[in-house]
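Okay, so here's the structure we're looking at.
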Amino acid sequence: MKRRYSRVTAHALFHAALITLLLGGCQTVSERPVTAATSTSPLTPPPSAPRLPAPLWYSGQQLVQVGAWIGYGEGDTLAEAKQAARADLSRTIQSQVTSQITIERQQHQGEVVVTARSAVEELSRAQFSELQTLRSEAINQRFYVALAYDNRPLWQRLEPLLTAAAAPPEHSVQELFSASPLQQQLQRHYGYGSYRPNAPLTLSHDGNGYRLHAADQHVGVRQREVALLLPPTQLSPQLGLRLEPQLTNYPPEQLFQVVLQPAISGYLSLIQIFGSGATVLNLANQPVTTAALSLRYPDPKRYEGLITELPAGQSETRVVHLALICHQPRDLSRFSALSSEVGQQPQSFLLGELPALLQGCHWSALSQRIGR
1074 MKRRYSRVTA HALFHAALIT LLLGGCQTVS ERPVTAATST SPLTPPPSAP
1124 RLPAPLWYSG QQLVQVGAWI GYGEGDTLAE AKQAARADLS RTIQSQVTSQ
1174 ITIERQQHQG EVVVTARSAV EELSRAQFSE LQTLRSEAIN QRFYVALAYD
1224 NRPLWQRLEP LLTAAAAPPE HSVQELFSAS PLQQQLQRHY GYGSYRPNAP
1274 LTLSHDGNGY RLHAADQHVG VRQREVALLL PPTQLSPQLG LRLEPQLTNY
1324 PPEQLFQVVL QPAISGYLSL IQIFGSGATV LNLANQPVTT AALSLRYPDP
1374 KRYEGLITEL PAGQSETRVV HLALICHQPR DLSRFSALSS EVGQQPQSFL
1424 LGELPALLQG CHWSALSQRI GR
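Plus 1073 on top of the position in the sequence shown (first one is 1) and you've got our numbering.
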């Protein structure tokens, strides 16, 4: 709730003081007490300076930025004003979710409904670096701020990183993600046979989330957009990767095993990629030969299998099982190992390192849908 103040002129203050003097009665100089000790009435503090009105851009709340939600806030410090603006942004998004769900369910068969609902929760985790300061002004030690949250889809926010004039990245580096939903969106919306960033796109994780980089520019990937980066099923006959049982949809708490029938020798590693973008190492550099008819993970002599989990509050998710056989062992020390405890969250987010890891190796990716 913003406070509004009316302008008080010096002329009005003079009349107010005059009326107060008249109501209190007239006194001569000789009738006033000489010292505070002989006074019978408390001292009246001097009147505080009137607070100036908020700037017009703030009180009118009519700032516009294409594709962005805008929140307004004020406070005694700039930090307080930004916190208030972020809270205002959350209320703005919540008020729009209902109408968006109705429209988007018709246009996208419900796929973007989750996006609209998750935007509020995601904004609460957003860093100030993700929010653009549209206007900021201090008046009489009172701070006013307008923050913008770019709500455009990822492919649109990536436009500054893309150019038709530059050469495409090396295919081998981008091969894992060449058929990802994001790649398909870039091809569809920008009309390229293969999208052409001004430098090879790289992916990193800074502790708050993933970022796509090209040269000295970057764009943050929001949590609900990570699924756009995950590779679809891409199977190589050299590995014979499959899951058992083979289901179109795996219910929560379903036991299953990863099965391989390798046609080549080398060092086998298995990595799970979760819908959050977390990467978990299941098996590292295990020697395999073509003499093995099939390999099962986990070892059925010791474990019943892996178990599917559904993140809290979600009705479905996807997990990608990545198998690679390399001629030499790979350095996988940065990947988190699989935990045997249900609900234990993985700690490594190394999607960006996978393309380089796969170079020179035979690999397969299998996408597993988990849902109720």
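All C-beta atoms, glycine included, are put in the ideal place defined by N, C-alpha and C.
With respect to Leu1397, Ser1440 sits apart: the two C-beta atoms are not nearer than 7 Å. Around the beta-carbon of Ile1380, fewer than 16 other beta-carbon atoms lie within 10 Å, marking it exposed. At the C-beta level, Trp1130 and Tyr1222 stay beyond 7 Å of one another. The Cβ atoms of Leu1220 and Ala1158 lie closer than 7 Å to each other. For Arg1230, the uninterrupted alpha helix (DSSP H) segment begins and ends at Leu1227 to Arg1230. One thing to note: Gly1144 has its Cβ no nearer than 7 Å to the Cβ of Leu1125. Bounds of any alpha helix (DSSP H) do not take in Ser1437; it lies within the beta strand (DSSP E) bounded by His1435 to Gly1444. Taking the C-beta atoms as reference points, Val1294 is found nearer than 7 Å to Tyr1283.
In this structure, the alpha-carbon of Leu1368 lies about 12 Å from that of Glu1317. Using a Cβ distance threshold of 7 Å, Ser1437 and Leu1276 do not count as a contacting pair. If you ignore the 5 residues before and after Glu1326, its C-beta comes within less than 7 Å of the C-beta of Ile1380 and Thr1381, all in its own chain and listed in chain order.
Rounded to the nearest angstrom, the Cβ distance from His1435 to Leu1312 is 6 Å, consistent with a contact under 8 Å. Per DSSP, the continuous beta strand (DSSP E) segment holding Arg1391 begins and ends at Glu1389 to Cys1399. Annotation for Ser1132: the continuous alpha helix (DSSP H) segment containing it runs Leu1129 to Gly1133.
Look at the region 1300-1352 and you find these whole runs of beta strand (DSSP E), each 3 residues long or longer: 1315-1317, 1328-1333 and 1339-1346.
Linking Ser1168 to Leu1136 through their CA atoms gives a straight-line distance of about 18 Å. Spanning the alpha carbons of Gln1334 and Lys1155 requires a straight line of approximately 57 Å. When only Cα atoms are considered, Gln1205 and Leu1431 end up about 37 Å apart.
Going by DSSP, Ala1211 is part of the beta strand (DSSP E) stretching over Gln1205 to Ile1212.
Setting aside the 5 residues that flank it on each side, Thr1150 is surrounded in the same chain by Phe1216, each with a C-beta closer than 7 Å to its C-beta; the list follows chain order.
Taking all protein chains shown into account, Gly1280 has fewer than 16 neighbouring C-beta atoms within 10 Å of its C-beta and is therefore exposed. Here the alpha carbons of Glu1232 and Arg1208 stand approximately 24 Å from one another. The continuous beta strand (DSSP E) containing Arg1284 extends over residues Tyr1283 to Ala1287. Going by DSSP, Gln1296 is part of no beta strand (DSSP E) at all; its letter is neither H nor E.
Following the DSSP letters along the chain, one finds Arg1261 in no beta strand (DSSP E) but inside the alpha helix (DSSP H) bounded by residues Pro1254 to Tyr1263. In this structure, Ser1406 lies away from Ser1421, with their beta-carbon atoms at least 7 Å apart. In the three-state reduction of the DSSP assignment, Glu1153 falls in the helix class.
The beta-carbon separation of Arg1391 and Leu1303, rounded to 6 Å, stays under the 8 Å limit for a contact. 7 Å or more divides the Cβ of Phe1329 from the Cβ of Gly1386.
In this structure Ser1349 is not in contact with Val1393, their Cβ atoms being roughly 12 Å apart against a cut-off of 8 Å.
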